[in-house]
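Heads up, the thing below is written out as structure tokens.
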Amino acid sequence: MYDLNFFLQQLSNGLTRGSIYALIALGYTMVYGVMKLINFAHGELFTLGAFFGYTLLVTLGLAGSLGPPLAIGLSMIMVLGLVALAGHLLERVAYRPLRHSDRLAAVVSALGASIFLQNAIMLKWGAQYRAYGADLLPNVVFRVGGFNLPLVRLLVFVAAVVVMAFLHAFIHRTRLGLAIRASAIDQGAAKLMGIDVRKVIALVFVIGPALGGLAGLLVGLYYGQINYNMGQLYGLKAFTAAIIGGIGNITGAMVGGLLLGLLEALGEGYVSVAWKDALTFVVLIMILVFRPTGLLPERVAEKL
Amino acid sequence: MQILSLSSLTKTFGGLVAVAGVSCGVDRGAVVGLIGPNGAGKTTVFNLITGSIKPDDGHIFFSGHSIRGLRPHRIVKLGIARTFQTIRLFQGLSALENVLSGCHCRMRSGLVASLLRLPGQRREERLVIDRAMGELEFVGLANLWRATAGSLAYGDQRRLEIARALATEPKLLILDEPAGGMNEQETYELRQLIEAIRKRDITVLLIEHDMGFVMSVCDRVLVMENGILIAQGTPQEIQTNPKVIEAYLGLDDD
Amino acid sequence: MSPDLPSSSLPAAPDANRVDGANGATGANGGGAGSNLLPGALTGLAALLFAFLPLFLNAFAGSSAPYWLDVVNTVGLYTILALSLNVILGHAGMFHMGHAAFFAIGAYATAILNLSYGWSIIATMPVAALAAGAVALVLAWPIIHLRGDYLLIVTIGIVEIVRIALTNNIFGLTGGSNGLVGIARPSVFGFRITRPQHFFYFIWIVVGLTMLLFHWLENSRFGRALKFIKEDTVAAENMGVNTSRYKLMAFVVGAAWAGLAGTIFASRMRTISPESFVFSESVLLFTIVILGGKGSQKGVLLGSFLVMGLPEFFRGFEDKRLLVFGAALVVMMIFRPQGLLPSKPARYRLPDPWPGKLSGAPAAEPVTANGKRAQNGAAATGAAGALSEPSGPQGSDPQSPGPQGPGA
């Protein structure tokens, strides 16, 4: 068991998981960077993506009628769009009216939205687990050296990384991306520079949720099963990842996600499965207490 | 006898040296003014004294004991109280409750006594309210004891802050721009108040921009510029000090 | 009996304060924050009527009486829990979504002591409180400095860790995910509390006790310190309040009391498992406090009835319950963030001689003999503050520079 192949197995597992966490973490970090608010409903947007994907691929049978590659590709795009819309609606209903109120009100509203969404999902799709189905993707397994790399794992990882690369380019190479970065550093100054901060807020509430929704779809593909309250655990973990990378820091969220995924997979493989979730929380608490700005070197320290 | 002495006090923020090796003393019973152009580091010195921030170097002695590194509430208990440049009252609470916050550190009722409302606790409550009202009366706000702090006129809020600080039974009172935004009448009354405070055997250290005020009420004046103490002396000495005049490019009688 | 003046937090034009302070600042409230007389009487009447609830239910609800009594008992239990959370969330202003963890610790402490060591339920109560408080102390100590939303996230993590620990049968004591079964009933002075009627009185007496004690706590030095911390932590620290110590104490007190509630829960259900303490329980408690009005006891009571009791009337909509709560939270924050029954500002009764001193004040801004505006108005009687003399010796009252103690 303790050999190179096992290690590589856990490594690839961890990276894939981590890429999913990274996608979700990006949603938290982008919203927090601009609004200094933790979007508690983000986990539910992730779940929404998973269920939208389920509806598209299984209920509507796209996988069957279009064939896996096309169906999955199309679903990804549609999920991105649908959850982006959901995120936008969320922002308009639960956050925009409270932009000038005190923090507790915004936090509670976020919480309320999260509760509402979670239960809406449960009512619509039921409380039992839904299966994406194992035959969605051809059950191909690559053998690399001595260890097995299932196609789905590769696919999920690649999809996540590609999307993140696009995002990175967007943030660092476009004017809108610049506007987002500026608003994250100092909203007031950004306004003075002529940036319409309200549009920026609306934008992060479209991009962040879209990424989270995609992650939901990927989880459905990867694990095959989804459930109405998966957002809670994933959300907490992704939040931890965002904290690890320094909340508000986009690159940090990506790195933090990958790190967390690796940590989890290795912990699971070498320590124990039962306590792996508790491990995440312990990590979270440790970081918040000892190094709240995250593990990455403090380039721009005062994001907090 | 020096009640407060700073020696080589230094504080840096990032690349900016806010306070650079400041050494000076405040005599017991005096009223000392700290002046200087904006950005000179005056409020930083106050924050260092009251423990809100920790110095990078140097020492602070209060009545002979080092208070460097102590948390603010400990320093209050030792006898230093302050007001803030931007008023920091408990805006949603009444004037009386604001002053009661100052009384907190001089009370003894703990968790159990409060939970069970023991007789000693009830007695202490009565005493403390009486004391708080006394401080309100001292600054002339007794009739507004029920008013919400946030609803008071600006000048009254400043006085309330002073009452609150006095409630901590300080030996040294630190006032950060107490005359800020006051008109001539209010400034005059403030001068009176400070004199009355002095008569209570409380030492006063204040930051102010109103030169007329500073010169008329302070025994001694310290002048800072760019984090350095450039001059100290009596008001007359300071007014004629060339370095000071240069720092201000002409002293204005605001 | 003079009619009570409405509690006003507007600048009191120099009007009379509560003149009934003239009979000395005595009574159950001392010279401190007092309570109204008429609403107090109404409350007493309501409490009296409430005490007869089991009889009313038997008369009107017939065979479903035990069921409704159970509902009322549940409301009561959650009220105790919510009141304990109120100390942390409402009074100290700390965002806390992990309260179910302390509830669980108390329940498990009772279950373990009772099942494995044969302790009587009542005897386990202090231990349950102590255990919950101790765990809270250990857990909160490193995180007490955290700011709002971060604290929230961490408390969520805490409750999950506790639940996972319980599910994984930590120390072999907790029975894993099946929990512990067969917990005894409480027995007070030999009387065994078994039926809903018994629990009604047991629970609601504890509710009353809780409200009384926490009311006293709120209107004391301790409670005020929490208020100051909530309003402006930095200012509080600079006024001599040891903010981290008080935040920690508030946490521990709230947790310990939740542990106490855990004992009641364990002996009422006779079976406990980690499922009873999931995150959504914390959410319910949080909702109760926020919806009702954080900091306000009446608000918490109302919140408890609404959140735990109201859904019972809409049995068909049981699964939509949380949906409604979620939406309610959002709506409340937009339209009424202070809660349904927000807490009122504290009322103080001035000890002698202040009522007399202040009530003799003139209405408008009087001009003293020196021609200066006198803000304090007490100048008329000569019991002047420091401001009515321009210079020279102090005014007519040699004691005015410093407040001395009772009786000027």
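Chains as they are written, first to last, in our numbering: chain A, 1284 to 1587; chain B, 379 to 632; chain C, 24 to 431.
A virtual CB, placed ideally from N, CA and C, is assigned to each residue, including glycine.
(Q) Give me, in chain order, the residues of the same chain whose beta-carbon lies closer than 7 Å to that of Tyr224(C); leave out the 5 immediate sequence neighbours on both sides. (A) Here residue 224(C) refers to the residue found at position 201 when the third sequence is read from its first residue. Answer for Tyr224(C): no residue qualifies.
Q) Out of curiosity, what's the CA-to-CA distance linking Arg598(B) and Val410(B)? A) The residue you call residue 598(B) lines up with position 220 of the second sequence. The residue you call residue 410(B) lines up with position 32 of the second sequence. Each residue's alpha carbon lies about 5 Å from the other.
Q: Mind checking the region 290-313 of chain C against chain A and listing, in chain order, the residues whose C-beta falls within less than 9 Å of any C-beta there?
A: Correct list: Phe302, Ser303, Val306, Phe309, Thr310 and Ile313.
Q: Round the Cβ separation of Val264(C) and His451(B) to the nearest angstrom and send it over; I've been treating them as touching at under 8 Å.
A: If you number the third sequence from 1, residue 264(C) lands on position 241. If you number the second sequence from 1, residue 451(B) lands on position 73. Sure, about 6 Å apart at Cβ, within 8 Å.
Q. Between Met262(C) and chain B, is there a C-beta pair that is closer than 9 Å?
A. To locate residue 262(C), count along the third sequence from 1; it is residue 239. With 9 Å as the cut-off, Met262(C) counts as an interface residue toward chain B.
Q. Are the Cβ atoms of Gly558(B) and Gln463(B) separated by less than 9 Å?
A. The residue given as residue 558(B) occupies position 180 in the second sequence. The residue given as residue 463(B) occupies position 85 in the second sequence. Closer than 9 Å, so yes.
(Q) Which residues of the region 433-452 of chain B have a Cβ closer than 9 Å to any Cβ of chain C? Give them in chain order. (A) For the region 433-452 of chain B, the set of residues with a beta-carbon nearer than 9 Å to any beta-carbon of chain C comprises Arg449, Pro450, His451 and Arg452, in chain order.
Q) chain B beta carbons: is any one of them nearer than 9 Å to that of Arg359(C)? A) As a working note, residue 359(C) is residue 336 in the third sequence. Answer no: the Cβ-Cβ gap between Arg359(C) and chain B never drops below 9 Å.
Q: Closer than 7 Å by C-beta to Val177(C): which residues in its own chain qualify, once you throw out the five before and the five after it? Chain order, please.
A: The residue given as residue 177(C) occupies position 154 in the third sequence. Taken in chain order, the residues that qualify are Ile166 and Leu169.
(Q) Would Leu1545(A) and Leu1294(A) be called neighbours here (beta carbons separated by less than 9 Å)? (A) Against the first sequence, residue 1545(A) aligns to sequence position 262. Against the first sequence, residue 1294(A) aligns to sequence position 11. The answer is yes: Cβ separation under 9 Å.
Q) If you measure from the beta carbon of Leu68(C) to each beta carbon in chain A, is any gap under 9 Å? A) As a first step, residue 68(C) must be located in the third sequence, where it is residue number 45. When Cβ-Cβ separations below 9 Å define contact, Leu68(C) makes no contact with chain A.
Q: Determine, using beta carbons only, whether Ser107(C) comes closer than 9 Å to chain B.
A: Here residue 107(C) refers to the residue found at position 84 of the third sequence. Among the residues facing chain B, Ser107(C) is not included, as its CB has no counterpart in that chain under 9 Å away.
Q | 7 Å CB neighbourhood of Gly1503(A) in its chain, flanking five on each side removed | A | As a working mapping, residue 1503(A) is identified with position 220 in the first sequence. Around Gly1503(A): Ala1333, Gly1336, Tyr1337, Tyr1415 and Ile1509.
Q: Just confirm the distance between the C-beta atoms of Glu603(B) and Pro415(B), as a whole number of angstroms; I'd bet it's less than 8 Å.
A: Working through the second sequence from its first residue, we reach residue 603(B) at position 225. Working through the second sequence from its first residue, we reach residue 415(B) at position 37. The Cβ separation is near 6 Å, so the contact holds.
Q.
Classify Val161(C): buried if its beta carbon has 16 or more other beta carbons within 10 angstroms, exposed otherwise.
A. Position 138 of the third sequence holds residue 161(C). The C-beta of Val161(C) has fewer than 16 other C-beta atoms within 10 Å across all chains shown, which makes the residue exposed.
(Q) In the DSSP assignment, the beta strand (DSSP E) including Phe1425(A) goes from what residue to what residue? (A) Here the question's residue 1425(A) lines up with position 142 in the first sequence. The continuous beta strand (DSSP E) containing Phe1425(A) extends over residues Val1424 to Val1427.
Q) chain A beta carbons: is any one of them nearer than 9 Å to that of Glu341(C)? A) The sequence position of residue 341(C) within the third sequence is 318, counting from 1. Not closer than 9 Å to any Cβ of chain A, the Cβ of Glu341(C) fails to qualify, so no.
Q.
Taking CB distances under 9 Å as the criterion, tell me whether Met602(B) reaches chain C.
A. Here residue 602(B) corresponds to residue number 224 of the second sequence, with the count starting at 1. Chain C, which has no Cβ nearer than 9 Å to the Cβ of Met602(B), makes this no.
Q | From Ile585(B), Gly470(B) and Asn425(B), residue whose alpha carbon lies closest to that of Lys250(C) | A | Within the third sequence, numbered from 1, the residue matching residue 250(C) stands at position 227. Looking at Ile585(B), Gly470(B) and Asn425(B), the one whose alpha-carbon comes closest to that of Lys250(C) is Gly470(B).
Q. How would you write the range of the beta strand (DSSP E) that Ile413(B) sits in, first residue to last?
A. In the second sequence, counting from the first residue as 1, residue 413(B) sits at position 35. Unbroken beta strand (DSSP E) run through Ile413(B): Val409 to Ile413.
Q: Give the range of the beta strand (DSSP E) segment to which Phe440(B) is assigned.
A: By 1-based counting over the second sequence, the position of residue 440(B) is 62. It spans Asp435 to Phe440 - the beta strand (DSSP E) in which Phe440(B) sits, taken as one unbroken run.
**Q.** Min CB distance Phe274(C) to chain B below 9 Å
**A.** Within the third sequence, the letter at position 251 stands for residue 274(C). Judged by the 9 Å Cβ criterion, Phe274(C) is not in contact with chain B.
Q.
Applying the 10 Å Cβ sphere with the 16-neighbour rule, what's the burial state of Val511(C)?
A. In the structure as shown, chain C begins at 24 and stops at 431. Residue 511(C) is therefore absent and cannot be evaluated.
Q | Whole-angstrom distance between Tyr1311(A) and Val1439(A), CA atom to CA atom | A | Counted from its first residue, the first sequence places residue 1439(A) at position 156. Counted from its first residue, the first sequence places residue 1311(A) at position 28. About 20 Å.
Q: Might you give, ordered along the chain, the residues of its own chain that have their beta carbon closer than 6 Å to the beta carbon of Gly1495(A), omitting 5 neighbours on each side?
A: Position 212 of the first sequence holds residue 1495(A). Within the same chain, Ile1307, Gly1310, His1325, Leu1328 and Phe1329 come within 6 Å of Gly1495(A) by CB-CB distance, once the 5 residues on both sides are set aside.
**Q.** Thr190(C) beta carbon less than 9 Å from that of Thr102(C)
**A.** On the third sequence, residue 102(C) is found 79 positions in, with the first residue counted as 1. On the third sequence, residue 190(C) is found 167 positions in, with the first residue counted as 1. No, the pair does not count as a contact, with Cβ atoms beyond the cut-off.
**Q.** is_contact[Gln173(C), chain A] using C-beta, thresh 9 Å
**A.** What you label residue 173(C) is simply residue 150 of the third sequence in a count that begins at 1. The sequence shown places Tyr at residue 173(C), not Gln. Yes, because at least one Cβ of chain A sits closer than 9 Å to the Cβ of Tyr173(C).
Q) Can you list the residues of chain C that Gly480(B) reaches, using a CB-CB cut of under 9 Å? A) Along the second sequence, read from residue 1 onward, the residue named residue 480(B) stands at position 102. Met262 and Gly263, listed in chain order.
Q: Spatial neighbours of Gln220(C) within its chain, please: CB distance less than 6 Å, with the 5 preceding and 5 following residues excluded, ordered by chain position.
A: Walking along the third sequence from the start, residue 220(C) turns up at place 197. Spatial neighbours of Gln220(C) in its own chain (CB-CB distance under 6 Å, excluding positions within 5 residues in sequence) are listed in chain order as Pro77.
Q | Start-to-end residues for the alpha helix (DSSP H) that takes in Ser472(B) | A | In the second sequence, residue 472(B) corresponds to position 94, counting from 1. For Ser472(B), no alpha helix (DSSP H) run applies, since DSSP gives it neither H nor E.
Q.
Run through the DSSP bridge pairs and tell me what Glu603(B) is partnered with.
A. Start at 1 with the first residue of the second sequence, and residue 603(B) comes out as number 225. Glu603(B) is bridged by DSSP to Ile606(B).
Q | Rounded straight-line distance, which links the Cα of Ser1392(A) to that of Leu345(C) | A | Sequence index remark: in the third sequence, residue 345(C) carries index 322 (1-based). Sequence index remark: in the first sequence, residue 1392(A) carries index 109 (1-based). About 14 Å.
Q) What's the call for His119(C), buried or exposed, on a 16-neighbour Cβ count within 10 Å? A) For this step, residue 119(C) is matched to residue 96 along the third sequence. The residue in question, His119(C), is buried, as its Cβ has 16 or more Cβ neighbours within 10 Å.
Q) In angstroms, rounded to a whole number, what distance separates the CA positions of Ile1321(A) and Ala1525(A)? A) Position 38 of the first sequence holds residue 1321(A). Position 242 of the first sequence holds residue 1525(A). For Ile1321(A) and Ala1525(A), the distance between alpha carbons rounds to 11 Å.
Q) Leaving out five residues before and five after Gly246(C) in sequence, what residues of the same chain have Cβ atoms less than 8 Å from its Cβ? A) Translated into the one-based positions of the third sequence, residue 246(C) becomes position 223. Answer for Gly246(C): His114 and Leu240, listed in chain order.
**Q.** Interface residues of chain A facing Gly202(C) [CB-CB closer than 9 Å]
**A.** Position 179 of the third sequence, counted from the start, is the residue given in the question as residue 202(C). Per Cβ cutoff of 9 Å: no residues; Gly202(C) is ~17 Å from chain A at best.
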